[in-house]
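Note sheet for the following structure.
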Amino acid sequence: MTTTRSTTRLYVDSVDYLSTSATEMPYEEVPLSNLKSNGYKKLRNKANLRASPEDEPGYGSTDDAPLMVDEVDDDFDDDRGLSEGYQSSDSGDKDRRKGKNKRKKEGCCKRCWKFCCCCGFLSSFRSCFDSLMGKIEMKPRTVVLGRESATQKFPRNVICNQKYNIITFIPLTLYNQFKFFLNLYFLMVASTQFIPELRIGYLYTYWAPLGFVVFVTMCREAYDDFVRFRRDREVNSQKYKKLTKKGVVTIPSSAIKVSDLIIVEKDQRVPADMVFLRTSEKNGACFLRTDQMDGETDWKLRLTVEPCQRLPCDADLLNISASVYAEKPQKDIHSFVGTFTRYDGERNETPLSIENTMWANTVIASGTAVGLVIYTGSETRSVMNTSNPATKVGLIDKEVNNLTKLLFVATVSLSFVMVSVKGYNGPWYRYFLRFILLFSYIIPLSLRVSLDLGKVVYSWMMMHDKDIPGTVVRSSTIPEELGRIGYLLSDKTGTLTENEMVFKRLHLGTVSFGTDSMEEVTSHVKTSYARSSGPTSKKPVQGAKVRRTVVTRTHEAVKALALCHNVTPVTDETENSRQSARVRLDSVTSEDSDLDGGAARDETDVKYQASSPDEVALVTWTESVGLTLVHRDLSSMHLKTPYGQILVFNILQIFPFTSETKRMGIILRDTATGEITFYMKGADTVMSSIVQYNDWLEEECGNMAREGLRTLVVAKKVLTEEQYQDFEHRYNQAKLNISDRASKVMDVQRSLEHDLELLCLTGVEDKLQVDVRPTLEMLRNAGVKIWMLTGDKLETATCIAQSSRLVARNQTIYTFKQISNRSEAHLELNSLRRKNDCALIIKGDSLEVCIHHYEQEFMELACQCPVVVCCRCSPQQKADIVRLLKKHTGKRTCAIGDGGNDVSMIQAADAGVGIEGKEGRQASLAADFSISQFRYVGRLLVWHGRNSYKRSAALSQFVIHRGLIISVMQAVFSSVFYFASVSLFSGYLMIGYGTVYTMFPVFSLVLDEDVPSDIALIYPELYKDLAKGRSLSYKTFFIWVLISIYQGGIIMFGGILLFDQEFIHVVTITFTALILTELLMVALTIRTWHWLMLLAEVFSLAIYVGTLAIFRRTFDEKFLISTEFLWKVVVITLVSCLPLYILKYLRRKYAPPSYSKLTN
61 MTTTRSTTRL YVDSVDYLST SATEMPYEEV PLSNLKSNGY KKLRNKANLR
111 ASPEDEPGYG STDDAPLMVD EVDDDFDDDR GLSEGYQSSD SGDKDRRKGK
161 NKRKKEGCCK RCWKFCCCCG FLSSFRSCFD SLMGKIEMKP RTVVLGRESA
211 TQKFPRNVIC NQKYNIITFI PLTLYNQFKF FLNLYFLMVA STQFIPELRI
261 GYLYTYWAPL GFVVFVTMCR EAYDDFVRFR RDREVNSQKY KKLTKKGVVT
311 IPSSAIKVSD LIIVEKDQRV PADMVFLRTS EKNGACFLRT DQMDGETDWK
361 LRLTVEPCQR LPCDADLLNI SASVYAEKPQ KDIHSFVGTF TRYDGERNET
411 PLSIENTMWA NTVIASGTAV GLVIYTGSET RSVMNTSNPA TKVGLIDKEV
461 NNLTKLLFVA TVSLSFVMVS VKGYNGPWYR YFLRFILLFS YIIPLSLRVS
511 LDLGKVVYSW MMMHDKDIPG TVVRSSTIPE ELGRIGYLLS DKTGTLTENE
561 MVFKRLHLGT VSFGTDSMEE VTSHVKTSYA RSSGPTSKKP VQGAKVRRTV
611 VTRTHEAVKA LALCHNVTPV TDETENSRQS ARVRLDSVTS EDSDLDGGAA
661 RDETDVKYQA SSPDEVALVT WTESVGLTLV HRDLSSMHLK TPYGQILVFN
711 ILQIFPFTSE TKRMGIILRD TATGEITFYM KGADTVMSSI VQYNDWLEEE
761 CGNMAREGLR TLVVAKKVLT EEQYQDFEHR YNQAKLNISD RASKVMDVQR
811 SLEHDLELLC LTGVEDKLQV DVRPTLEMLR NAGVKIWMLT GDKLETATCI
861 AQSSRLVARN QTIYTFKQIS NRSEAHLELN SLRRKNDCAL IIKGDSLEVC
911 IHHYEQEFME LACQCPVVVC CRCSPQQKAD IVRLLKKHTG KRTCAIGDGG
961 NDVSMIQAAD AGVGIEGKEG RQASLAADFS ISQFRYVGRL LVWHGRNSYK
1011 RSAALSQFVI HRGLIISVMQ AVFSSVFYFA SVSLFSGYLM IGYGTVYTMF
1061 PVFSLVLDED VPSDIALIYP ELYKDLAKGR SLSYKTFFIW VLISIYQGGI
1111 IMFGGILLFD QEFIHVVTIT FTALILTELL MVALTIRTWH WLMLLAEVFS
1161 LAIYVGTLAI FRRTFDEKFL ISTEFLWKVV VITLVSCLPL YILKYLRRKY
1211 APPSYSKLTN
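Just so you know, we're using our numbering here: the sequence shown kicks off at 61 and counts up by one.
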């Protein structure tokens, strides 16, 4: 006896839709364990009302019948989530109207509070809790046209880039501020002032500066978040047309849900991930602009679902019974597995692929599209591919943080010494804490603020430099990193080269055509299509045998290049004229359309659109030799011969190019002869095993690669009708597979890919960008090592490295052999070790083997090479190389690229530079710095990077000096007056000293220049010194400490020795001398004066003179206007500053720095 194990499941179906039987529509399976008791009872009661033998024919009893829910409760709330079956669009509209009336009754204030508090905080808490509990899981779904799912919850279609809400703003911003040691230290110091025994002065003395810094930061964060909120609101409120049974309604993007039918107009952003059902274009296809998704500027062709496109109008989509199966959401934007199933009439399944999709944030470039929403919100491809890269922290920020910790140790040590000398009598710990508070100015609170403002100034200068137009600084926190680059890692195509492809060579095996012999190709093409005696004859002229062979082979090669591609001609004419032209073209025969097609082409500007610039170059070349692509739609291509004839080919199958297959193919039927031909083109590495045996392909590929040309192998195979029918049957069956569809389709495709006839080898040139050679030479002289990382083949990469002078003419090249195991890697590394001063060229797979087995040894040898070229690199390998360089060398890295495959490398580098070029804006948007041409990177590093680092180094050390000198004065004062823990200056003087009295002159150091820009570019060797970090080091730090001790001691001891009457005179003399000393020290530090620097000095001095007259209780008015005050201040100031001026003069005279030699 066989026992059948059954699992109890509850089947919930939708409203009866166009009298469709239960067996025809897809059910949603809901395990009973997932339903609460109340929900189950509710569904069971509804089932008892509906499911009976009389009402449902075909079932013996209610126990055997699936539970069918036919009605929707009047109290059903769509926003709470569906609890049974699918819900129709109409009922959903009713519930939304009820919800809207309910919200009106609540009032505006209550709704705002709910949104800010509940939506922001509670939804965030709930989502985090669900993530931790593992409740959120992305699953495949079956979406019925126009009906929402009852059992699956999908995210809202909203874009939210805000960091905070009304509840989390203050806690998060405070946390982000006080996680830094500097701010946390001052918070603890300021908090001690609430304890009476530890209070030094007024509370505002400590809380005012700290509060100002935090307030400014919070205002900046609030503004940035408000800008993000406005951008999100603008995107979320964009209006779209939704197709419903009541007609077309307009809804905001945020109200779009899975299963909605959305109409997207031309030049409108696609609001969610959708399946492309219908279009206004009669050919059933439209173009998408995907530059914001994949970084490629070329338009992508998308195809409609054929059963939907055949419907008379868009409204009929709601009158059919159909659903779409979609795979679970994933990141891959280049693949999709789905199935469109229609249930009314004969069940029909149509496989869906990437060509039938419209991803969110793409833009419709032609026509109007109707799509079925399958993914919304966080499940869309664009959101899933949006990652928040790790925040980059500059090396100078880390160095300043270490100096801050050193200053903290100095503060504690000095306080300990003062208490030790004073003695441990009484509450010594209280004195210890008071001394720490008195010396807290050793650690300047304004240091981080000054550096951040300086970074903003550097960024502004870069973006407004007329010599590098179009520069955009997207990360203003790391401009100093550009001044300490040790390794520059560059992409090749589009970065060193123009990414403008020009056809250069056609090789047929026995004959080769170059740019100087293209007229001969044109002649051969004309000969092939020359008319004989009959006006309709299309047969080639029968000439001599040898001549006929060359002509025929040339003609076959040109025709293959004109047909094997995914290029579509696009015109700039209006919609109406394009529609009429298309109708005219469809209505005429191939013979009668000759003149019309030519006339239409002459009247309009035709552009070629394709996913690859190589294909555009090939089709443009075939046009130049006489065979022109004049029309293409989903099912056919039209070519115009040199004599105006129109050749029509039906498109039977297309196999698009992918980075994995490295080839593309197309099967066509010639309507004139009925011949079926399979054309294929691709990289030589894969095509060499597909084409028939030959003895010239490998050699010629190497020759073209050495000339710097990108090669493509073109081949064909003629199929019989039986062969194609058999292939089509197997191919369609493979496309219907849900699991492992890609591999099964590829297996069927490979059955055709053998014994193809080799037609030709093409060579396309990618020109070098302007001034690539001098820029690389400049960077090399600046001490920057340059590595080229490219996905191109070894020969092409080698040629570009030589032509760009990346590899010098007299430099030897060591090509790393192909390796696959540990022993081979060991032998090759030993061979490399015996080479001296050679350029290393290595493939990506060999690099992977070396890193896996001998990471340390390989990186050590590679870093000794002056140039390294890594070819056949994947995007992940590029990023891995950057990380290895940072790990093994400790030097700063800069990555530069222009395509989406360079984003990982750019984000992994210490400084990422993106070029906005032919491949789109993805690299530019992901980079820290965006430029328009490669040559600008030289000025960006050698001039702006150098200045940013030197200025920040000088600014940070001067701010530290400003805090040290007043702390030394406090220490001297306390020592003289019996180690009393009493403040020397009043609170407002301390605040003024760090702000209005000295802030402007000190900050004006961000305008300082040691050499002019032309000198820095002519002598890039000046850049080498920065890599050593000598501008901000422990040596320079201790020099400034000694200067602070000397000046603080002179000012304090001088003030004590020269005063003779009242203590207030000591405060007046020392504070005035302190201000003058700081202003003179700024003047001493400046190397090139700017008018703003002089204005800052005069302005600060005027403010201080004005406060002398205002604060009469602090300063003795009569003493201020006496000559005694003036001479004492002048003497103390001269003694504190004059020796430093003398030392600076002697140093510039006998041991001048390198930059001063050039300026003199």
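Every residue gets a Cβ at the ideal spot worked out from N, C-alpha and C, and that includes glycine.
Worksheet item: For the segment 1130-1144 against the segment 1055-1064, are there 3 or more C-beta pairs whose distance is under 8 Å?
Response: yes
Worksheet item: Per DSSP, what kind of secondary structure is residue 453 in: helix, strand or coil?
Response: coil
Practice prompt. Flag this pair as yes or no: are the beta carbons of residue 1192 and residue 1115 separated by less than 8 Å?
Written response: yes
Worksheet entry | Delimiting residues of the alpha helix (DSSP H) encompassing residue 269 | 264-296
Worksheet item: Just reading off the alpha helix (DSSP H) that residue 1114 is part of, what are its end residues?
Response: 1094-1118
Worksheet item: Taking the alpha-carbon positions, what's the residue 851 to residue 934 distance?
Response: 6 Å
Worksheet item: Under 8 Å, do residue 320 and residue 302 count as touching if we go by C-beta distance?
Response: yes
Item to complete: Report the three-state DSSP secondary structure of residue 1204 (helix, strand or coil).
Response: helix
Practice prompt. Write down the C-beta distance between residue 1086 and residue 1145 rounded to the nearest angstrom, noting that I regard them as a contact closer than 8 Å.
Written response: Contact doesn't hold; Cβ gap of about 18 Å is too wide.
Worksheet item: By how many angstroms is the C-alpha of residue 972 removed from the C-alpha of residue 544?
Response: 13 Å
Discussion item. Checking the sheet assignment: what are the DSSP bridge partners for residue 711?
Written reply: 728
Discussion item. Quick check on the DSSP output: the beta strand (DSSP E) that includes residue 201 runs from which residue to which?
Written reply: 201-204
Worksheet entry | Where residue 224 sits in the DSSP three-state scheme | coil
Item to complete: Note down the Cα distance separating residue 379 from residue 388, rounded to an integer number of angstroms.
Response: 27 Å
Item to complete: Return the chain-ordered ranges of every beta strand (DSSP E) run that is complete within the segment 865-906 and spans a minimum of 3 residues.
Response: 872-875 and 898-903
Item to complete: Figure out for me which residue from 579, 765, 750 and 736 has the closest Cα to the Cα of residue 683.
Response: 579
Worksheet item: For residue 753, does the three-state DSSP call read helix, strand or coil?
Response: coil
Worksheet item: Per DSSP, residue 359 is paired with what?
Response: Paired residue(s): none; residue 359 is not in a bridge.
Worksheet item: Out of curiosity, what's the CA-to-CA distance linking residue 523 and residue 529?
Response: 7 Å
Discussion item. Please classify residue 1197 as buried or exposed, where buried requires at least 16 other C-beta atoms within 10 Å of its C-beta.
Written reply: buried
Discussion item. Please list the terminal residues of the continuous alpha helix (DSSP H) segment that includes residue 585.
Written reply: 578-588
Fill in: Meets three-Cβ-pair contact criterion under 8 Å: the segment 759-773 and the segment 803-814
no
Worksheet entry | Runs of beta strand (DSSP E) lying entirely within the segment 908-939, each at least 3 residues, in chain order | 927-931
Fill in: Bridge partners - residue 336, DSSP secondary structure assignment
431
Practice prompt. With a 10 Å radius around its C-beta and 16 neighbouring C-beta atoms as the bar for buried, classify residue 185 as buried or exposed.
Written response: Note that residue 185 scores a pLDDT of 49, beneath 50, so its modelled location is shaky; the value from the coordinates is reported in the next line. So residue 185 ends up on the exposed side.
Worksheet item: Count the other CB atoms within 10 Å of the CB of residue 1207; is the residue buried (16 or more) or exposed (fewer)?
Response: exposed
Discussion item. Here's a check: name, in chain order, each residue in its chain whose Cβ is nearer than 8 Å to the Cβ of residue 581, leaving out the five neighbours to either side.
Written reply: 566, 573, 614, 618 and 685
Discussion item. Just verifying my parser: in three-state terms, what is the DSSP assignment at residue 521?
Written reply: helix
Practice prompt. Within 10 angstroms of the Cβ of residue 373, are there 16 or more other Cβ atoms? Answer buried if so, exposed if not.
Written response: exposed
Worksheet entry | Residue range of the unbroken beta strand (DSSP E) whose run includes residue 629 | 628-631
Fill in: Reference residue 382; option with closest CA among 362, 405, 364 and 391
405
Practice prompt. Starting from residue 565, trace the alpha helix (DSSP H) both ways and give me its first and last residue.
Written response: Run containing residue 565: none in the alpha helix (DSSP H); it sits in the beta strand (DSSP E), 557-567.
Fill in: Span of the beta strand (DSSP E), counted from its first residue to its last, around residue 848
845-849
Practice prompt. Using the Cα positions of residue 956 and residue 1099, report the straight-line distance between them to the nearest angstrom.
Written response: 38 Å
Worksheet item: What separation, rounded to the nearest whole angstrom, lies between the Cα atoms of residue 1134 and residue 1032?
Response: 14 Å
Worksheet entry | Beta carbon of residue 860 nearer than 8 Å to that of residue 762 | no
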